[in-house]
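Number of protein chains: 2
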Amino acid sequence: MGSEEFRAGMRKLAGGVTIVTSIDQDGRRCGLTATAVCSLSTDPPSLVACVNRASSVAAVVEASGVFAVNVLAHEQQAVAEVFAGRAGLAREDRFAAGDWQHGAGGAPVLAGTCVSFECALAEVKEFGTHLILIGRVTKTHVTPEDDSPLIYGNGAFLTTTSAPQAAA
Amino acid sequence: MGSEEFRAGMRKLAGGVTIVTSIDQDGRRCGLTATAVCSLSTDPPSLVACVNRASSVAAVVEASGVFAVNVLAHEQQAVAEVFAGRAGLAREDRFAAGDWQHGAGGAPVLAGTCVSFECALAEVKEFGTHLILIGRVTKTHVTPEDDSPLIYGNGAFLTTTSAPQAAA
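In structure tokens:
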């Protein structure tokens, strides 16, 4: 099966939009927009994030052992676009978009997200062009109000509404 | 960090709803509803699905080496509920819900999805209570029309609408 066919299929797997961040030993931040993030286990609390091996985030996370997954609210589309590289900004300059704080573990945490998870890198699994980062969640930042998530699917940013009742 | 806090946070990571299926050597089908699925690499075309080690699907996939990920359209909520175990149906009986076919690799493929991926199990990584199934995608079934995906987030089934324009 060709990669074009695969890409066309994957456009149809909608998912929440996140920004995966880390910080290097000199205190320089990096981050990228990712939808390839999912829950793993509740015991221990853990998640999976898949990032390209060639990305700066992959290298920094492997060195620092910490990362954060910031799950964006629907009004944070502009921040998603910056960290997807659309504005052509260099690593540190991207953080001018959004209200960023240093998390307890050092990785940048964005205010106003639906939820942000700080993680300690538990294991890394290499596959093809990508790394599977397995993060043990060390801290969860949940926004008190029920904010609608930002979703990416069919090549567009989307938000959610209640599903119609299923047919019997 | 406690598992309650983690669970509350994970409710906020919205994602597309899938049914992960497989078939055992006696031709018996199994499947479960999962949101912990994401794209991995385009080279080779691959994806990740995280399933509980105690599930029948985990055991069957490890033995058969094949599985399918069926990405549900918003009108397939009733099928999602059956495969989430809400109807209390046994393994094979669940397949009365929805229009199922045998995929080229054997694993059950649901008609009318946004997309269904047939996978050969490339690697398995155990972590905590779960398995990370790494699937090399062998066949993609894409629905021609642009159907809205079924999303699960904040403990509810949702569907998508266009996101409002982001603030400048």
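So the protein lines, in turn, are chains R and L.
Under the numbering used here, the first residue of the first sequence carries the number 2, and numbering increases by one thereafter.
Under the numbering used here, the first residue of the second sequence carries the number 2, and numbering increases by one thereafter.
All C-beta atoms, glycine included, are put in the ideal place defined by N, C-alpha and C.
Note that the coordinates shown come from a computational prediction; the quantities given were computed from them, not determined experimentally.
Residue environment: H75 of chain L is assigned as buried (16 or more neighbouring CB atoms within 10 Å of its CB, all protein chains considered). Contact between the region 136-149 of chain L and the region 92-100 of chain L is not established, with fewer than three Cβ pairs separated by less than 8 angstroms. Against chain L, the CB of N71 of chain R has no partner CB under 8 angstroms away; the residue lies outside that interface. Between V72 of chain L and L14 of chain R, the beta carbon gap of about 5 angstroms places them in contact (Cβ cut-off 8 angstroms). Residue-level contact by beta carbon holds for H131 of chain L and chain R, with a gap shorter than 8 angstroms. Nearest in C-alpha terms to V80 of chain R, of all of R:D148, R:A112, R:A105 and R:A37, is R:A112. Look at V49 of chain R here: in three-state DSSP terms it is strand.
The beta-carbon distance between V67 of chain R and G107 of chain R, rounded to whole angstroms, is 5 angstroms. This is short enough to meet the 8 angstroms contact definition.
Sequence-distant partners of G104 of chain L (beyond 5 residues in either direction) whose C-beta falls short of 6 angstroms from its own C-beta, in its chain, are A69, V110 and E119.
Contacts with chain R (Cβ-Cβ distance below 9 angstroms) from the region 83-95 of chain L involve no residue at all. If you draw a straight line from the Cα of E6 of chain R to the Cα of S117 of chain L, it comes to about 12 angstroms.
Annotation: the continuous alpha helix (DSSP H) that includes E6 of chain L extends over S4 to M11.
Note that the C-beta distance between G16 of chain L and G154 of chain R is not below 8 angstroms. By the 16-neighbour rule on beta-carbons within 10 angstroms, S163 of chain L is exposed. Of all residues in the region 34-47 of chain R, only T36, A37, V38, C39, S40, L41, S42, T43, D44, P45, P46 and S47 place a beta-carbon less than 8 angstroms from a beta-carbon of chain L. Residue pairing by DSSP puts E124 of chain L in a beta bridge opposite L:I135. A59 of chain L has its alpha-carbon roughly 14 angstroms from the corresponding atom of Q26 of chain L. Secondary structure note for S65 of chain L: its alpha helix (DSSP H) is the uninterrupted segment S57 to S65.
At least one beta carbon of chain R lies nearer than 8 angstroms to the beta carbon of C51 of chain L. For Q78 of chain L, the enclosing alpha helix (DSSP H) has its first and last residue at Q78 to F84. For the region 127-153 of chain L, the beta-carbon criterion of a distance under 7 angstroms to any beta-carbon of chain R is satisfied by F128, G129, T130, H131, I133, I135, V138, T139, K140, T141, V143, D147, P150, L151 and I152. Close partners of E6 of chain L in chain R (Cβ separation under 7 angstroms): T141.
About 7 angstroms separates the beta carbons of C51 of chain R and S40 of chain L, which is inside the 8 angstroms limit, making them a contact pair. In the DSSP annotation of this structure, the continuous segment of the beta strand (DSSP E) that includes F158 of chain R starts and ends at A157 to S163. Rounded to the nearest whole angstrom, the C-alpha separation of A88 of chain L and S23 of chain R is 43 angstroms. In the structure shown, A98 of chain L falls within a coil segment according to DSSP collapsed to helix, strand and coil. Against chain L, the beta carbon of C115 of chain R has neighbours under 7 angstroms at K13, listed in chain order. Of the candidates L:G129, L:E146 and L:I20, the residue whose Cα lies closest to the Cα of A85 of chain L is L:I20. Closest in C-alpha terms to E124 of chain L, from the list L:S149, L:V62, L:Q102 and L:Q78, comes L:V62. For the C-beta of F118 of chain L, the chain R residues within less than 9 angstroms are, from N- to C-terminus, F7, G10, M11 and L14. Proximity of E63 of chain L to chain R, defined by a Cβ-Cβ separation below 8 angstroms, is not satisfied. Only residues of its own chain outside the window of five on either side were considered, and among them D25 and Q26 have a CB closer than 8 angstroms to the CB of A64 of chain L, listed in chain order. No Cβ of chain R is located within less than 8 angstroms of the beta carbon of S56 of chain L.
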